[in-house]
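Structure first, commentary second.
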Amino acid sequence: MGGTGVTAGMPEPNRRMTDDTSQHLELMKRALRLARRGRGQASPNPLVGCVVARAGKVLGEGFHTYTGVQHAEALALGRAGSGARGADLYVTLEPCCHQGRTPPCVERILEAGIHRVWVGVRDPNPLVAGKGILALRQAGVEVAEGLCAPQAEQLNEAFFHFIQTGRPFVLLKLALTLDGKIATSTGDSQWITGPRARRWSHRLRYEYDAILVGIETLLEDDPSLTVRWRRNNRITRVILDSQLRTPPDARLFSSPDPVIIFHQQQAPASARRLLEPKADLQAVQAGPGGLSWRAVLGELGEREILSLVVEGGSRVAASALRARAVQKVCFFYGPKILGGRDSSGIGDLGVQNLDQAVQLSDLKVRRLAPDLMVEGYCAPGRSAVGEDED
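Going by numbering that gives the first Met the number 0, the residue at position 310 of the sequence shown is 309; the numbering climbs one at a time, nothing skipped.
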């Protein structure tokens, strides 16, 4: 993710501050909390929260949902009414200055008579990319950038990645024993983790646009790949299935959310005829190891899928890591040890020296008793997406 060039949590240094900074921090944190309420609802737009306040008193607030159409700024200003004139506006992402499904938020801010705008982070979208802030300043509105910038940037890590690459942000999510197994030698995997960890896992599904598994996981577990909580946006189920072995009566076809099956061009025509009424079949290029991650992620990006959870199996996890297609990992560890050589959560990565290992940064550990959740970001590797295939 691109940096903002500001000190964490503080406005840009060249903006003169005359009042209580802690008050402004609290109001931006409030805007961030609002923005998070749009998870699972705002994509393909970014998550945005907005607060209008004067002297610390909240006059109006809002957050964006795609089906709700209105942007967070318009909602907050509408609720503030005439009280917005001369007030401060706190927004987690730079206000837009172009005509989309709604009029530009910059125009709405100027019409409302806002005195000062606090921006968490600039919007990397080329249609905005600093133009919204410039327009406000040229109109005489004071703008302070960088308030809670790291939090605002992380909030939209998937959107930022998509804008910068054209591909979805990929999270590798696994439930593992302490010795890295995903099942016993007989295939028993329910349940490695407890209820709290499983709820958190479903929360991640809720927040992402799509879920991906390989054909071996589909055949072994017959997962429905659904989300427990109601979403306004559909969640897309993605299957990597080179030879179209997906059963037409698989459980994932029992819900109305879309299914995309990626396969090789040479997959049997008889299987295509059976699955075409149930799924979107996409033939993609393949190499010695299977399907190309570059092709898969490129196609998902074309469909404006901003974020993708990869849930296995072990070959799929390994191929995604080898291809450097993963931006973030989230591993749930149950307090169990299985031993043995089989059922590793991640297949062979071909690592012979430690400097070839996938390196993680910004590690966080959360206890979800009796389990542990470990998450971190994959450092960019030497190989680009698509050089390794599966």
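Glycine included, every Cβ here is placed at the ideal spot set by N, Cα and C.
- Scanning V373, E298, G349 for the CA closest to the CA of L359 turns up V373.
- When secondary structure is reduced to three states using DSSP, W199 falls in the helix class.
- The beta carbons of V50 and A30 sit about 5 Å from each other, so the pair counts as a contact at 8 Å.
- Nearest to A319 by alpha-carbon distance, out of Q355, N124, V169, G139, is V169.
- Its chain contains L367, M372 as the residues whose beta carbon lies nearer than 7 Å to that of W199, once the 5 sequence neighbours on both sides are disregarded; these appear in chain order.
- Distances from the CA of L146 to each of T183, E93, H160 were compared; the closest alpha carbon is that of E93.
- About 18 Å separates the beta carbons of L243 and P222, which is beyond the 8 Å limit, so they are not a contact pair.
- A distance below 7 Å separates the beta carbons of A196 and F331.
- D370: not part of any alpha helix (DSSP H); member of the beta strand (DSSP E) spanning 370–377, first to last residue.
- Rounded to the nearest angstrom, the gap between the Cα atoms of V308 and T216 is 14 Å.
- A direct Cα-Cα distance of roughly 14 Å separates N352 from R321.
- The Cβ atoms of Q22 and G55 lie closer than 7 Å to each other.
- Restricting attention to A324, G312, R314, E275, the CA atom closest to the CA of L299 is found in A324.
- Counting other Cβ atoms within 10 Å of its Cβ, H160 reaches 16 or more and is therefore classed as buried.
- Buried is the label assigned to H63, since at least 16 other Cβ atoms lie within 10 Å of its Cβ.
- Within a 10 Å sphere around the beta-carbon of R107 sit 16 or more other beta-carbons, which makes this residue buried.
- Apart from sequence neighbours up to five positions away, the residues of its chain that approach T192 with a beta-carbon distance below 7 Å are A174, F331, G333, D370, ordered along the chain.
- Of the residues R314, V118, G129, the one whose Cα lies closest to the Cα of Q150 is V118.
- Going by DSSP, C96 is part of no alpha helix (DSSP H) at all; its letter is neither H nor E.
- Of the residues assessed, K172 falls on the buried side of the cut-off, its CB having 16 or more other CB atoms within 10 angstroms.
- From the listed residues R236, R84, L46, the smallest Cα separation to D256 is found for R236.
- For A282, the secondary structure class from DSSP, reduced to helix, strand or coil, is strand.
- Nearest neighbour of W292 by Cα position, chosen from P276, R271, I132, H262, turns out to be H262.
- Rounded to the nearest whole angstrom, the CA to CA distance from G312 to L211 is 10 Å.
- Counting only unbroken stretches of 4 or more residues, the alpha helix (DSSP H) elements lying wholly within the region 89–167 are 104–111, 130–137, 148–154, 156–164, in sequence order.
- Here T64 carries a coil assignment [DSSP, helix/strand/coil].
- Between G344 and G179, the beta carbon gap of about 5 Å places them in contact (Cβ cut-off 8 Å).
- Going by beta carbons, R136 and G129 fall outside the 7 Å limit.
- The bridge partners DSSP lists for Y332 are L175, L371.
- The C-alpha of I260 lies about 6 Å from the C-alpha of D279.
- Residue L305 holds the alpha-carbon nearest to the alpha-carbon of G165 among L305, A317, L133, A356.
- When DSSP states are grouped into helix, strand and coil, V357 belongs to the coil group.
- By the 16-neighbour rule on beta-carbons within 10 angstroms, P125 is exposed.
- Bridge pairing for K363: E374 [DSSP].
- Contact check for K335 against T176 passes: the beta carbons are separated by less than 7 Å.
- Considering only A317, V258, K363, the residue with the shortest C-alpha distance to V350 is A317.
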